[in-house]
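Visitor: Yeah, the sequence shown ends on 152 if you go by the working numbering, and it's all consecutive.
Heads up, the beta-carbon is just placed ideally off N, CA and C, and yes, glycines get one too.
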Amino acid sequence: MIDSTLAAFLEEGLGIHLGTRNDRLEPNGARVIAVKVDDQTGCLSLYVPETAAERVLPDLQTNGQAAVAFARPIDDRACQVKGTFLDVRAARSDERPLVEAQWDRFLINLERIGVARAGAANWVTWPVVVITLQATHVFNQTPGVDTNVPIA
């Protein structure tokens, strides 16, 4: 479902937001610091600060539905991945370099559009949990004629 080109985009250092909903259809969400795509299964490993994960985990554990929005600040290229919750675990220390590198690339993208790195200095980026989703649908969200068109 997620080919290598799309996976490279998702992992390049983007603004990433995980959206969920509760049983009353009330929305909830959390910032995602980094993502890793499993090229064999199409599963997404979402690296979410522990404090933010507390808000979305009850929704995921209850209904298993999620939407992840990815957006590149420099050109607004964006997509949405819908998926089903599979698992959550604490991130391992050997995953921290991946998380920090992807977060740094996101901050570089923000700097390119005039947002100072200092603006994100207090954002929590560790410790994180890894929320695993199985991708079920992928939609283009880039502004233009193909917005909302399925891409996988």
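(1) Please return the same chain residues whose Cβ sits closer than 7 Å to the Cβ of D39, not counting the five positions on each side in sequence.
(2) Using a Cβ-Cβ cutoff of less than 6 Å, which residues in the same chain neighbour I131 once the five nearest sequence positions on both sides are dropped?
(3) Taking the alpha-carbon of D104 as reference, which of A118, A91, R24 and R92 has the nearest alpha-carbon?
(4) Do you know how far the Cα of E100 is from the Cα of T125?
(5) Any contact between the segment 47 to 62 and the segment 9 to 21? By contact I mean 3 or more CB pairs, one from each, below 8 Å.
(6) Are the beta-carbon atoms of G42 and Q134 separated by less than 8 Å?
Guide: Let me lay it out:
(1) Counting only Cβ-Cβ distances below 7 Å, and skipping sequence neighbours, we find S4 and A7.
(2) L46, V48 and V88.
(3) Among A118, A91, R24 and R92, the Cα nearest to that of D104 is on A118.
(4) Straight-line Cα distance between these residues: approximately 8 Å.
(5) By the criterion of at least three beta-carbon pairs nearer than 8 Å, the segment 47 to 62 is in contact with the segment 9 to 21.
(6) Contact check for G42 against Q134 passes: the beta carbons are separated by less than 8 Å.
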